[in-house]
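Numbered according to UniProt numbering, the sequence shown spans residues 1 to 458.
Every residue gets a Cβ at the ideal spot worked out from N, C-alpha and C, and that includes glycine.
Presented below is the structure to which this report refers.
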Amino acid sequence: MKKKPIIIGAAAVLLVAAGYFGAGSYYKDKFLPNTMLDGIDISNDTVAQAKEETTAAIAQTQIQIVENGETIYAFTAAELGVSIDNTEKLETMKAEQSGWNWPILLFQDKQEETDLSGVAVDETALADILAAMPLENETRTAPVNATVVKGTEGYEISPETAGNKVDLELLKATMLEAIIAGETEIDLTEAYQQPTLTADDPILTETVKKLDDLTDTVIQYTISGQTETVPKTAIVEWLGIDENGEVSVNREGVAAYLQGLSDTYSTYSRTRDFLATDGETVQVPSGTYGWTLAVAAETDNLIEYVLAGEDVTVTPNYNGTGYHADGADIGTTYVEVDLSSQHMWYYKDGAVVLETDIVSGHPMSPTPTGVFYIWNKEEDAVLKGYNPRTEKDYESPVEYWMPVDWTGIGIHDSSWQPAYGGEYWLTAGSNGCVNTPPGVMAELFGMIGIGVPVVIHS
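This is the structure we're talking about:
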């Protein structure tokens, strides 16, 4: 009587063992229970069956493109021309499972997903679907990056703004991911282009601090005895951020500021009030004498000063002649030629050291008035030009020649002149130069230097 239960128990064990080993053998070529790939149940399938089943299931997947709660387009994976190469994935899954673990999988799921690298679409079909979507992308608003702007009290960060322009590459990737994941709906907002620079980016915070520091720089110019401080408001206006996110300075603004200084202080091309020897104040037009700020060169310098962020006091670059740090213009050393009295004086340090009668230009070739300067000295020169009275070219040898303008006008000896002063110039005037007695000219040539102003007035 006791042997019957033992026999029944042994039979049960043999039956369970047979079932276990039988199932283990069965799952040698098939996937274990509750095995899922991309949300598709491939339990009890061979690799080939699983591939066919997953491919068919994915092809039937319908996707809706939704924006603001409304479906704007729908398509299937088949319409997209999707092809999936998941053979390697399936074989790997099969190789990693053990058929003898089948009882465990009865009570738990095994979920796997196909790598996107194994998914391909028909590019033509994709282009057609994207073109068919009523996106109207060209009319949508692009996102705007956060940026640094000029505020009422310096610089501040203007936050980024979102747009609704669609990133087509991102939309394409989102569509593929949805197909693989078995999703049926894509939120188009997730494919919107996004700002690449946001207000919390430390680069912008650092830029604001740098700009604020630069605007506190004190830059001073000393010009002709005066001090000009570059206004902070001007620096704020000049500073900005270029397309690379770097601090930049508006060159046009800097040049305009320096041109303003040049217009205020420069002496070139300026009519001057001149106190003549006879005590009269006469207006003398511009000539070759005078200076202007070298705006182009100084623009480069001022940009460097601003970007350096260090306080500086400098004298600007200038072009021309006659610049004096104390603000003097003609100064106290100069030559005065009074055409009305046909007389010339040489002042040195405010005192007359030489004077003489002269002969100026004939009425047909008058001596120009203006403030000039001696820009060269030459001995034994031959002066060449055209005589309007004789209508012929001329050549005149002189012992001493000091040109004062760029057209051939200057001061020189004139051995051919029998007399000087008075009204002699009306009949025997020069071709425009200041004819000087030879003996006096030799003396003047020896005591005067290049750069001395020459004031010619009537």
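Asked	Found
Identify which residue in Tyr394, Thr356, Thr407 has its Cα closest to the Cα of Val440.	Thr356
Would you mind reading off the limits of the alpha helix (DSSP H) that contains Arg270?	Note, Arg270: premise wrong, no alpha helix (DSSP H); not H, not E.
On the three-state DSSP scale, how would you describe Gly163?	coil
State the Cα-Cα distance for the pair Tyr20 and Asn34, rounded to the nearest angstrom.	Since pLDDT at Tyr20 reaches only 49, below the 50 mark, its modelled position is unreliable, and no value is offered.
How many angstroms separate the CA atom of Val230 from the CA atom of Glu310?	13 Å
Tell me the DSSP bridge mates of Gln97?	Paired residue(s): none; Gln97 is not in a bridge.
Could you name the residues that DSSP lists as bridge partners for Gly154?	Gly151
Can you tell me whether DSSP reads Gly439 as helix, strand or coil?	helix
Buried or exposed: where does Ile450 fall if 16 or more other Cβ atoms within 10 Å of its Cβ makes it buried?	exposed
What do you reckon, are the CB atoms on Leu302 and Leu258 nearer than 8 Å?	yes
I need the straight-line Cα distance from Trp406 to Val314, nearest angstrom please.	32 Å
Quick one: what does DSSP say Gly446 is sitting in, helix, strand or coil?	helix
According to the neighbour-count rule (16 or more other Cβ atoms, all chains shown, within 10 Å of its Cβ), is Tyr334 buried or exposed?	buried
How many angstroms separate the CA atom of Tyr192 from the CA atom of Asp216?	41 Å
Which residues share a DSSP beta bridge with Glu336?	Trp345, Val455
Assuming contact is defined by CB atoms lying nearer than 8 Å, are Tyr305 and Ile219 in contact in what I supplied?	yes
Of the residues Thr332, Arg270, Val148, which one's Cα is nearest the Cα of Ser248?	Val148
Give the DSSP bridge partners of Glu252, in chain order.	The partner list for Glu252 (beta bridge, DSSP) is empty, contrary to what the question assumes.
For Val352, tell me which candidate among Glu336, Val359, Tyr155, Leu188 has the shortest Cα-Cα distance.	Glu336
Give a yes or no on contact between the region 370-389 and the region 413-427, applying the rule of three or more CB pairs nearer than 8 Å.	no
Just verifying my parser: in three-state terms, what is the DSSP assignment at Lys51?	helix
Please identify the residue among Tyr400, Tyr420, Trp416 whose C-alpha is closest to the C-alpha of Glu443.	Tyr400
With DSSP run on the structure shown, which of helix, strand or coil describes Ile40?	strand
With distances taken Cα to Cα, identify the nearest neighbour of Pro368 among Thr198, Asp338, Asn250.	Asp338
CB-CB under 8 Å to Lys165, same chain, minus the five flanking residues each way: which ones, in chain order?	Asn137, Arg140, Thr141, Ala142, Pro143, Tyr192, Gln193
Can you grab the Cα-Cα spacing for the pair Thr198 / Thr205, in whole Å?	11 Å
Excluding the 5 residues flanking Tyr265 on each side, which residues of the same chain have their C-beta closer than 6 Å to its C-beta?	Ile223, Ser224
Determine the closest residue to Ala276 out of Lys210, Ile65, Trp345, with distance taken between C-alpha atoms.	Trp345
Considering only their Cβ atoms, is the gap separating Leu126 from Leu188 smaller than 8 Å?	no
According to DSSP, is residue 464 helix, strand or coil?	A query on residue 464 cannot be resolved here, the shown segment of the chain reaching from 1 to 458 and no further.
Note down the Cα distance separating Thr76 from Gln60, rounded to an integer number of angstroms.	6 Å
Check the C-beta distance from Ser415 over to Pro438 and give it rounded, since I have them as a contact under 8 Å.	5 Å
Hey, how far is the Cα of Glu67 from the Cα of Leu171?	13 Å
Quick check on the burial criterion: 16 or more other C-beta atoms within 10 angstroms. Buried or exposed for Ala74?	exposed
Do Ile42 and Ile58 have their C-beta atoms closer together than 8 Å?	no
Have a look at Leu370 and Asp326 and give me their C-alpha separation to the nearest angstrom.	The sequence shown places Gly at residue 370, not Leu. When rounded, the distance between both Cα atoms is 23 Å.
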